[in-house]
Amino acid sequence: MRFRLPAAFHINFQAAPKPKGCLKTIPPQQPNNQETPMTFAYFSILIFALFNSLCSLLAKKSARLLDAEANREPRRHRAQASGKAARLFAAEQNGYEMLPLYAAAVIIAHATGEAAQSTVNTLSAAFLLLRAAYIWAYAQDKAALRSNIWYGCLMCIVALFIAAC
């Protein structure tokens, strides 16, 4: 027995209005034999992900948790961290929270083909520099500066989305 949706749930894709402005449809691309280049912006996603590992390493070094015993229960040691180590662990966590949004912005900026590659690369470089400053400010307990830098990182992401329009 096959399940069929009632007629009210059927969608007529042909009748959908055409979007305007930034929300335009992108025609499907025909496969070609050209390779997509690995741009700096794409590579910056990996660099940003590695920043998070660097935060974890610096936090463990600061808390003297680089021995085998500390590696057996890393979450317990992380919860007990204080001072600089706790702030670096928090910076790492914030990096994991921001990574999907940044990766989406870079990929969308490339996929639409609307943004100049130099613009995407420049915004990606600015994001990475701001992110490095953010980690430093977090480690040094400069709360107001850290928050302002975080907003700068967010503006780079917003600018990538706008450039894609």
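FYI, the numbering for the sequence shown is -7 to 157, going by this note's numbering.
C-beta atoms are modelled at their ideal positions from N, C-alpha and C, and glycine is treated no differently.
- Using a Cβ distance threshold of 8 Å, Ala151 and Leu115 count as a contacting pair.
- Within the model, the alpha-carbon separation for Phe119 versus Ala73 is close to 28 Å.
- Tyr94 counts as buried, since at least 16 other C-beta atoms from the protein chains shown sit within 10 angstroms of its C-beta.
- The residue among Pro29, Ala71, Gln132 with its C-alpha nearest the C-alpha of Gln85 is Ala71.
- For Lys76, the enclosing alpha helix (DSSP H) begins and ends at 75 to 104.
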